[in-house]
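Enquirer: Residue numbers (my numbering): 81 to 672.
We put the CB at the ideal spot given by N, CA and C, even for glycine.
Everything numeric in this text was worked out from a predicted model, so none of it was measured.
Please read through the structure below; I'll follow up with questions.
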């Protein structure tokens with residue numbers, strides 16, 4: 081059975097030596113000293129390793145079952161969810177007025193990481209609820225907040241987001257679900273939604289669905305979409321639960337992975353719903369939920385990779401196969417461990433260097449969200465908007481790839497279910513698809529985010545990288561290993577962006593044909609910059625003589641690997657981008 085241990089030392093390094101959270105001016109950050117965050121993370125790690133991880137494999141095998149309209153979750157899930165709920169883990173960043181701890185979103189992200197690594201399917205029940213909480217908190221009325229947020233914050237009630245319908249996914253303007261206004265100000269919601277994660281289950285007394293629907297007579301297409309709060313069970317004026325609403329799970333999807341999470345077909349039959357935000361402005365409110373969800377999905381990609389890597393590393397150290405090419409490393413045994421072989425080392429270094437940079441990059445994204453929400457910093461909001469497609473798209477693409485590499489370390493045993501490696505691959509795969517498939521993320525990046533505000537956020541990112549390189553150019557060794565590769569990669573990114581600017585207006589297909597390549601190119605630049613900053617922080621730790629020398633030296637060596645072996649991929653992506661649309665669009669549809 082796979083095992084998992086929360087990488088608390090590395091998380092602490094990111095929080096306190098890289099991001100230096102307690103020195104930030106964002107409200108609430110001054111309280112995040114190392115002892116405080118360590119206490120939270122250690123408890124989250126214990127819960128994840130002792131309670132959640134042991135249920136991951138069994139939950140995958142048992143899955144969820146629909147019985148007379150009720151979804152039964154796998155054995156042990158409800159008790160584990162009770163522990164998550166009772167420990168206050170769902171309410172870390174929930175406002176104190178709604179029963180939470182009021183900590184920054186960054187701490188929710190950091191505490192959430194080990195839970196996702198340990199059991200992604202189980203963690204999704206609270207993750208989706210957190211998104212619903214955020215949407216209502218930002219867009220709801222005072223009465224709506226008072227009614228829904230305390231129970232959602234504690235996960236006594238859980239939440240969902242309902243977008244997709246059988247005939248429309250990305251193109252939500254085609255949706256048919258309707259919301260008919262009533263004299264009392266409520267709406268009657270009718271229609272069918274599919275792929276609804278946690279749409280029905282047996283772990284909470286109520287489920288609060290956020291549902292996109294069209295009010296008859298509204299504008300056509302996406303401009304006519306509104307967002308509604310539709311509870312599974314109606315709530316009385318005194319807050320007690322009342323009658324069952326007109327919403328039911330019609331079927332469970334049979335899917336590739338995350339078997340422990342109920343993925344439902346939801347049927348709405350004149351269900352009572354309440355408008356959230358303005359009529360016909362539903363996408364504005366839904367994107368509040370989705371942008372946060374996309375950071376969470378990005379985390380899922382590399383959190384699964386982290387768990388897979390830990391198991392691949394343990395196997396590589398234990399499994400005896402062949403002899404080292406330079407001579408036996410285990411002369412008293414029949415063979416050497418796998419980890420002596422260069423190609424195994426390459427695979428493990430790919431995984432390790434990606435996981436650590438992805439963690440730091442995602443945490444920085446969470447910090448930008450805090451800065452935006454807690455201080456109204458428009459520049460932080462613009463930057464996280466630019467980076468969201470990278471966090472969601474690039475990190476899940478690469479996270480899945482790293483899970484496959486971890487599985488490969490096991491050879492044939494990686495393909496056998498008892499080792500559990502295929503589950504990491506299968507579970508990670510969904511992260512590339514939901515909350516906006518990664519091709520759509522790439523189109524969003526190139527088609528909208530690059531040109532947003534006249535390109536100012538992108539220019540700000542480029543300028544920050546330039547300033548970092550200039551400030552660190554005098555250290556010859558550091559410049560050779562980190563600054564020079566970062567400068568070269570950043571120039572590739574700028575050249576690709578320039579190609580889009582010059583060609584995109586004349587031939588939009590030229591830009592869109594290179595969108596996924598640009599997302600990956602930019603993703604590598606962001607992780608390369610992250611590695612350069614982490615190496616600087618690690619060097620500072622060495623210079624301070626704090627006694628953790630092995631950790632810092634390992635950090636710097638891992639960063640050198642990424643700069644030398646991964647970052648040069650920017651040149652490949654640039655070449656593809658500059659080939660334009662012709663190779664992509666050459667065939668007529670009938671020729672495929």
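1. Touch check for the stretch 598-606 and the stretch 464-476: three-plus C-beta pairs under 8 angstroms?
2. Which residue wins for smallest C-alpha separation from residue 94, given the options 644, 167 and 613?
3. Please tell me whether residue 237 and residue 284 are closer than 8 angstroms, where the distance is taken between their beta carbons.
4. When the Cα of residue 97 is compared with those of 86, 84 and 114, which residue comes out closest?
5. Can the beta-carbon of residue 175 be found less than 8 angstroms from the beta-carbon of residue 120?
6. If you measure between the beta carbons of residue 234 and residue 179, is that distance less than 8 angstroms?
7. Buried or exposed: residue 100, going by 16 or more other Cβ atoms within 10 Å of its Cβ?
8. What residue does the alpha helix (DSSP H) around residue 506 start on, and which one ends it?
9. For the beta strand (DSSP E) containing residue 308, list its first residue and its last residue.
10. Rounding to the nearest angstrom, what Cα-Cα distance links residue 143 and residue 339 in this structure?
11. Measure the C-alpha to C-alpha separation of residue 104 and residue 660 and round it to an integer number of angstroms.
12. Could you tell me if residue 131 is buried or exposed, where buried requires 16 or more neighbouring beta carbons within 10 angstroms of its beta carbon?
13. Suppose you measure from the CA of residue 566 to the CA of residue 549; what does that come to, to the nearest Å?
14. In three-state DSSP terms, what is residue 377?
15. Three-state secondary structure (DSSP) at residue 291?
16. If contact is defined by three or more beta carbon pairs under 8 angstroms, each pair taking one atom from either stretch, is the stretch 181-197 in contact with the stretch 265-275?
17. For residue 545, report the span of its alpha helix (DSSP H) as first-last.
18. Return the Cβ separation of residue 218 and residue 368 in integer angstroms, given the expectation that the two are a contact with Cβ distance under 8 angstroms.
19. Using beta-carbon positions only, say whether residue 300 and residue 272 come within less than 8 angstroms of one another.
20. Evaluate residue 84 with the Cβ neighbour count: other Cβ atoms within 10 Å of its Cβ, from every protein chain shown; 16 or more gives buried, anything less gives exposed.
21. Which residue wins for smallest C-alpha separation from residue 526, given the options 439, 580, 358 and 617?
22. For residue 336, count neighbouring C-beta atoms within 10 Å of its own C-beta (all shown protein chains included) and say buried if the count is 16 or more, exposed if not.
23. Apart from the five residues just before and just after residue 430, which ones in its own chain have a Cβ nearer than 8 angstroms to its Cβ?
24. Going by the DSSP bridge assignment, what does residue 145 pair with across the sheet?
25. Can you check whether the CB of residue 610 is closer than 8 angstroms to the CB of residue 440?
26. Assign residue 468 to one of three DSSP states: helix, strand, or coil.
27. Tell whether a beta-carbon distance below 8 angstroms holds between residue 635 and residue 649.
28. Does the structure place the stretch 541-561 close enough to the stretch 493-502 that three or more beta carbon pairs sit under 8 angstroms?
29. How big is the Cα-Cα spacing for residue 492 and residue 542?
30. Less than 8 angstroms between the C-beta atoms of residue 242 and residue 289, yes or no?
31. May I have the straight-line CA-CA distance separating residue 509 from residue 122, to the nearest angstrom?
32. Threshold first: 3 residues or longer. Then list the beta strand (DSSP E) segments lying entirely within the stretch 232-269, N to C.
33. Output yes or no for whether 8 angstroms exceeds the beta carbon distance between residue 82 and residue 135.
34. Is the CB-CB distance between residue 212 and residue 183 below 8 angstroms?
35. Using a Cβ-Cβ cut-off of 6 angstroms (strictly less than) and excluding sequence neighbours within five positions of residue 511, which residues of its own chain qualify?
36. When DSSP builds the beta bridges, which residues end up paired with residue 272?
Expert: In this structure, then:
1. yes
2. 613
3. yes
4. 114
5. no
6. yes
7. exposed
8. 501-510
9. 305-311
10. 5 angstroms
11. 43 angstroms
12. buried
13. 8 angstroms
14. helix
15. strand
16. no
17. 536-551
18. 5 angstroms
19. no
20. buried
21. 580
22. exposed
23. 482, 485, 645 and 646
24. 152
25. yes
26. helix
27. no
28. no
29. 44 angstroms
30. yes
31. 29 angstroms
32. 237-242 and 258-261
33. no
34. no
35. 377, 380, 381 and 476
36. 347
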